[in-house]
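**Student:** Per full-length UniProt numbering, residue 1 is the first one in the sequence shown, and the count goes up by one each step.
Glycine included, every Cβ here is placed at the ideal spot set by N, Cα and C.
Before I ask anything, here is the structure I am working with.
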Amino acid sequence: MNIGKKSTCPNCHGATWFGGDAADIPDVLDIYPKEEWCSCGPKIEVAGKEYPPQGPKADSWGRR
Numbered sequence: 001m002n003i004g005k006k007s008t009c010p011n012c013h014g015a016t017w018f019g020g021d022a023a024d025i026p027d028v029l030d031i032y033p034k035e036e037w038c039s040c041g042p043k044i045e046v047a048g049k050e051y052p053p054q055g056p057k058a059d060s061w062g063r064r
C-alpha cells in the first residue's frame, strides 16, 4: 500500500504531498497551516477543498 507523505515544492518551498492517492492528501496537508502550503498550480480538489499539486518526492524527515 502506497500512503501519501509530505513533500516540499522545489519552486516555492511550500508543503505539498507525494505518493498515495487523492484520498491521502487531506491527511498529509491538513496538519500544516495553509499559509505553509505550496502556492503553485494547478490545484487539486478533494472533497470540495483545493490542495497544491504533487511534489517531486517525499521528505524523509517530514510528518506524515
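When you compare each of 34, 39, 22 to residue 13 by their alpha carbons, which one comes out closest?
**Tutor:** It is 39 whose Cα lies nearest to the Cα of residue 13.
**Student:** Compare the C-alpha of residue 22 against each of 8, 49, 9, 57 and name the closest.
**Tutor:** Here the closest residue by C-alpha is 49.
**Student:** If I measure Cβ to Cβ from residue 2 and keep anything under 6 Å in the same chain, skipping five residues before and after, which residues do I get?
**Tutor:** Here the set comprises 19, 20.
**Student:** Output the distance between the C-alpha atoms of residue 35 and residue 52, rounded to the nearest integer angstrom.
**Tutor:** Those two C-alpha atoms are separated by around 12 Å.
**Student:** Return yes when the Cβ of residue 55 is within less than 7 Å of the Cβ of residue 16, no when it is not.
**Tutor:** Contact flag set, yes.
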